[in-house]
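K.L.:
Chains as they are written, first to last, in my numbering: chain E, 42 to 259; chain S, 277 to 868.
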């Protein structure tokens, strides 16, 4: 294609380059060389892809997908992992002692636009160092059928107690009851890294690092 | 020829072979068409259908043929003592086969280990050898070493020992490698609960075909019930029976006792065709040969037109009319292109045409324009893309078979593919020499250019006939494949373009071809012996060209297979990073 000088058109002097028209040369008009070219391209793809398929050299559809070749994902035998920020199944994160980090503040259920979170808060017994500072969820139920996976609960949580980083998508079950996830199920899911904890440190009441007012320090 | 029981049974057998060939290749083509279309478009294609077989049966499938090979080789070595003068040839054959199967087994196992990972100490050893290509290179080296040692030492003082080592060692290597590969395959699947048989997706069209039998056989209420049901048969039948006049192998010669067919001759002379005890590998001997083909190919039009008319649907009618006009138009070109070929060959019998090509040069060199025109016209005859306007999904729903469902639709569909097979068979017989392979004559291999003899090797009669038949199959399948390739490359013609191509381009070109052919034939006939000798030399060059092109293509293909593939991992997304951390997702169980 020739490089034509840029034209300035219209009152605003819009400039652009002229694109040459496709040339109807003799080889194009006779159609036959073009057929041969087209056949060459299809044959190249055919042989290359067949060879890579037979020899197990084909692209990994997830890590080499930009390369030439077949990039199909044979779902469900092969799966594309969900991206790091995808919102999967909820999980309730745990403290070091295995109890839920949740303090039953009801922020998540308040924030939930689908109203699918139900929490029954319980008080710690008399003498427990946490009594008076926080409560615990006696029941923590999420109706996964109602959930719209907006992630507002995760953002609302002040304690990093509910997360959606499991990388699991909602499974199809037989009945509606099976989609009602209780606290024990939600706590059983690990995060993407396999841990039930979170990376954020937890400051228990009574520890020096606890930021809030402290009954002993009064 | 009198009809005896033997000749009748042979007729039935040959018809069975030909019909099975056409139908099976057609079924495989339905698969190839889809799979190939997928490969071209960088997709995977149909591969979902699976037959689960018990592990024991799968192990049997692996080990059974290997045991048969072992038994065959053992029988040949132990029971059939070779005559001393043939020991050299047998030693060469067995040593090369043994080396071939050894490296082949090694490469397959090493590739498998590379892909699935190391499972035991043998796998670890195989993995430690590195790239499977090294085994291939070592095998290639061994081939050449064995060849040169055999050739150099055959006549020396050690000749006897070398021959004995090549014979016994080659057979032993063959037995060991085949048996080891099969047993190792059976061993490595022993813990699988069941084995999924996918045959690279080949079961998918088989399942689709079975499905159509059980589907509703729908006939429109106002349709002509009889003609509507008759049409698929009319279009199916002619496509199939055309194969009857196409010979699929050279004439087999027997001793003329026991009513004509006695003992199979071990070798036949180069020039003569046996007159007594001849078994023609062709269903019927028709003097009208080609005319039979045109008569039946013309009948196929009736099926499509009838289907369109009987369906009581305007789209069907349009499709039927389009099919009729298109096929009539291209029938003319088809007939006229072959006139030139008939002038050159001097016969209408397809087997005589192949003999002419075997003695002279292939039709594609003698009549290149005719080959091209005939190829185009026969693609148009089979109503396939780019000539599929009778079907024309974007314009007239599905054309003449809009109102067909179930098995009747499948018959139209199938007839199309059988037409591809038969036209490819005819083209390979008329233009690619049929069962003829370059320099392979009735008595063996003679590589001669003019008067210069480059290489000669006598071969048994039966081997030559079988190799020739395989060559015919290979040519037919290649031409089928080329037609499918064209289907995936070109877009559909418009109706007026199609008619213009047929009447204004192909027809004048075929007439010009006839004229030119006539002039050239006249020149050669009246030219005297000098021109004849020159043409014979050109014919030898054409054979050499085919042989070298075939060899070059094979080497190019091997290089293409061996060439390493470089892929770059692109881990920009977190998804790709997770996949890479999990060791990739490529080698999931179903990757074919």
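Built from N, CA and C at the ideal position, the CB exists for glycine as well.
The structure presented is a predicted model; accordingly, all values stated were derived computationally and were not measured.
Could you please give the first and the last residue of the uninterrupted alpha helix (DSSP H) stretch that includes residue 784 of chain S?
P.N.:
If you number the second chain from 1, residue 784 of chain S lands on position 508. Unbroken alpha helix (DSSP H) run through residue 784 of chain S: 783 to 803.
K.L.:
Return yes when the Cβ of residue 520 of chain S is within less than 7 angstroms of the Cβ of residue 560 of chain S, no when it is not.
P.N.:
Residue mapping note: residue 560 of chain S aligns to position 284 of the second chain, counting from 1. Residue mapping note: residue 520 of chain S aligns to position 244 of the second chain, counting from 1. Yes, Cβ-Cβ distance for residue 560 of chain S and residue 520 of chain S is below 7 angstroms.
K.L.:
Specify the secondary structure class of residue 770 of chain S as computed by DSSP and reduced to three states.
P.N.:
Sequence index remark: in the second chain, residue 770 of chain S carries index 494 (1-based). Residue state, collapsed to three classes: coil.
K.L.:
Which residues in the same chain as residue 488 of chain S place their Cβ atom closer than 6 angstroms to its Cβ, once the five residues preceding and following it in sequence are excluded?
P.N.:
Taking the second chain and counting its residues from 1, one reaches residue 488 of chain S at position 212. Cβ neighbours of residue 488 of chain S beyond the five flanking positions: 682, 683 and 686.
K.L.:
What residues from chain S crowd round residue 125 of chain E, counting only those whose CB sits closer than 7 angstroms?
P.N.:
The residue you call residue 125 of chain E lines up with position 84 of the first chain. Chain S residues near residue 125 of chain E: 850.
K.L.:
Looking at residue 185 of chain E and residue 222 of chain E, is the spacing between their C-beta atoms short of 7 angstroms?
P.N.:
As a first step, residue 222 of chain E is located in the first chain; it is residue number 181 there, counting from the start. As a first step, residue 185 of chain E is located in the first chain; it is residue number 144 there, counting from the start. In contact: residue 222 of chain E and residue 185 of chain E (Cβ atoms closer than 7 angstroms).
K.L.:
Does the beta-carbon of residue 646 of chain S have 16 or more other beta-carbons within 10 angstroms, so that it is buried, or is it exposed?
P.N.:
For the purposes of this step, residue 646 of chain S is taken as the residue at position 370 of the second chain. By the neighbour-count rule (16 or more Cβ atoms within 10 Å), residue 646 of chain S is buried.
K.L.:
In chain order, which alpha helix (DSSP H) runs of at least 4 residues are fully inside the region 551 to 628 of chain S?
P.N.:
Complete alpha helix (DSSP H) runs here, min 4: 566 to 586 and 590 to 621.
K.L.:
Taking all protein chains shown into account, decide if residue 224 of chain E is buried (16 or more other Cβ within 10 angstroms of its Cβ) or exposed.
P.N.:
Working through the first chain from its first residue, we reach residue 224 of chain E at position 183. Classification of residue 224 of chain E: buried, given that the 10 Å Cβ count is 16 or more.
K.L.:
Quick check on residue 245 of chain S: does DSSP put it in helix, strand or coil?
P.N.:
This structure cannot settle anything about residue 245 of chain S, because the visible part of chain S is limited to 277 through 868.
K.L.:
Determine, using beta carbons only, whether residue 860 of chain S comes closer than 7 angstroms to chain E.
P.N.:
Sequence index remark: in the second chain, residue 860 of chain S carries index 584 (1-based). Closer than 7 angstroms: yes.
K.L.:
State yes or no: is the beta carbon of residue 773 of chain S nearer than 7 angstroms to at least one beta carbon in chain E?
P.N.:
Translated into the one-based positions of the second chain, residue 773 of chain S becomes position 497. Chain E contact via Cβ: absent.
K.L.:
Out of curiosity, what's the CA-to-CA distance linking residue 315 of chain S and residue 110 of chain E?
P.N.:
Translated into positions along the second chain, residue 315 of chain S becomes position 39. Translated into positions along the first chain, residue 110 of chain E becomes position 69. C-alpha separation (whole angstroms): 9 angstroms.
K.L.:
Go through its chain and collect everything with a Cβ distance to residue 650 of chain S's Cβ below 6 angstroms, but skip five positions before and after it.
P.N.:
Locating residue 650 of chain S in the second chain gives position 374, where the first residue counts as 1. Closer than 6 angstroms at the Cβ level, and outside the excluded window around residue 650 of chain S, lie 613.
K.L.:
Can you tell me the Cβ-Cβ gap for residue 588 of chain S and residue 496 of chain S, rounded? I've got them flagged as a contact below 8 angstroms.
P.N.:
As a first step, residue 588 of chain S is located in the second chain; it is residue number 312 there, counting from the start. As a first step, residue 496 of chain S is located in the second chain; it is residue number 220 there, counting from the start. About 5 angstroms separates the two Cβ atoms, so the contact holds.
K.L.:
Determine the closest residue to residue 853 of chain S out of E:70, E:105 and E:69, with distance taken between C-alpha atoms.
P.N.:
Taking the second chain and counting its residues from 1, the one referred to as residue 853 of chain S is at position 577. Closest option to residue 853 of chain S, Cα to Cα, is E:105.
K.L.:
For residue 429 of chain S, which residues from the same chain have a beta carbon less than 7 angstroms from its beta carbon, with the 5 sequence-adjacent residues on both sides left out?
P.N.:
Position 153 of the second chain, counting from 1, holds the residue named residue 429 of chain S. These residues qualify, in order along the chain: 435 and 438.
K.L.:
What are the start and end residues of the beta strand (DSSP E) that includes residue 730 of chain S?
P.N.:
Stepping through the second chain from its first residue, residue 730 of chain S is reached at position 454. Note, residue 730 of chain S: beta strand (DSSP E), 728 to 734.
K.L.:
Between residue 309 of chain S and chain E, is there a C-beta pair that is closer than 7 angstroms?
P.N.:
One-based indexing of the second chain puts residue 309 of chain S at position 33. It does not; no Cβ of chain E falls within 7 angstroms.
K.L.:
Please confirm whether residue 764 of chain S and residue 71 of chain E have their CB atoms less than 7 angstroms apart.
P.N.:
Looking up residue 764 of chain S in the second chain gives position 488. Looking up residue 71 of chain E in the first chain gives position 30. Cβ atoms of residue 764 of chain S and residue 71 of chain E: not closer than 7 angstroms.
K.L.:
Jot down the residue ranges of each uninterrupted alpha helix (DSSP H) in the region 67 to 136 of chain E, minimum 4 residues, whole runs only, in chain order.
P.N.:
Segments of the alpha helix (DSSP H) lying fully in the region 67 to 136 of chain E: 67 to 71 and 73 to 95.
K.L.:
Against chain E, does residue 763 of chain S count as a neighbour if the rule is that its beta carbon must be under 7 angstroms from one of theirs?
P.N.:
As a first step, residue 763 of chain S is located in the second chain; it is residue number 487 there, counting from the start. False, the Cβ-Cβ gap to chain E never drops below 7 angstroms.
K.L.:
Is any beta-carbon of chain E found at less than 7 angstroms from that of residue 703 of chain S?
P.N.:
Numbered from 1 along the second chain, position 427 holds the residue referred to as residue 703 of chain S. Not an interface residue.
K.L.:
Hey, residue 202 of chain E and residue 142 of chain E: beta-carbon distance below 7 angstroms or not?
P.N.:
Here residue 202 of chain E is taken as the residue at index 161 of the first chain, counted from 1. Here residue 142 of chain E is taken as the residue at index 101 of the first chain, counted from 1. Contact flag set, yes.
K.L.:
Does DSSP put residue 292 of chain S in a helix, a strand or coil?
P.N.:
Reading the second chain from its first residue, position 16 is the one you call residue 292 of chain S. Correct three-state label for residue 292 of chain S: helix.
K.L.:
In the DSSP assignment, the beta strand (DSSP E) including residue 409 of chain S goes from what residue to what residue?
P.N.:
Within the second chain, residue 409 of chain S is the residue found at index 133, counting from 1. Where residue 409 of chain S is concerned, there is no enclosing beta strand (DSSP E), although the alpha helix (DSSP H) it sits in stretches over 408 to 429.
K.L.:
Using 7 angstroms as the threshold, is the C-beta distance between residue 132 of chain E and residue 161 of chain E below it?
P.N.:
For this step, residue 132 of chain E is matched to residue 91 along the first chain. For this step, residue 161 of chain E is matched to residue 120 along the first chain. Contact flag unset, no.
K.L.:
Residue 98 of chain E touches chain S at which residues, Cβ-Cβ below 7 angstroms?
P.N.:
Indexing the first chain from 1 puts residue 98 of chain E at position 57. Under the 7 angstroms cutoff, chain S gives 841.
K.L.:
Output needed in chain order: residues of the region 108 to 140 of chain E with a Cβ under 9 angstroms from some Cβ in chain S.
P.N.:
The region 108 to 140 of chain E vs chain S, Cβ under 9 angstroms: 108, 109, 110, 111, 112, 113, 114, 115, 118, 119, 120, 121, 122, 123, 124, 125, 126 and 127.
K.L.:
Can you list, in chain order, the residues of the region 366 to 393 of chain S whose Cβ is nearer than 7 angstroms to any Cβ on chain E?
P.N.:
The residues in question are 387 and 391.
K.L.:
For residue 153 of chain E, which residues does DSSP report across the bridge?
P.N.:
Numbered from its first residue, the first chain carries residue 153 of chain E at position 112. DSSP lists no partner for residue 153 of chain E.
K.L.:
Going by C-alpha distance, which of S:830, S:845, S:856 and S:762 is nearest residue 76 of chain E?
P.N.:
By 1-based counting over the first chain, the position of residue 76 of chain E is 35. Comparing Cα positions, the closest option is S:762.
K.L.:
Hey, is residue 190 of chain E's beta-carbon within less than 7 angstroms of any beta-carbon in chain C?
P.N.:
Absent from the structure: chain C. Protein chains present are E and S.
K.L.:
DSSP has residue 405 of chain S in a bridge; who is on the other side?
P.N.:
Working through the second chain from its first residue, we reach residue 405 of chain S at position 129. Answer is none; residue 405 of chain S lacks a bridge partner.
K.L.:
Is residue 137 of chain E buried or exposed, if buried means 16 or more other CB atoms sit within 10 Å of its CB?
P.N.:
Taking the first chain and counting its residues from 1, the one referred to as residue 137 of chain E is at position 96. So residue 137 of chain E counts as exposed.
K.L.:
Keeping to the same chain, check which residues put their C-beta closer than 7 angstroms to that of residue 542 of chain S; ignore five residues upstream and five downstream.
P.N.:
Indexing the second chain from 1 puts residue 542 of chain S at position 266. Excluding residues within five positions, the ones whose Cβ falls inside 7 angstroms are 736 and 737.
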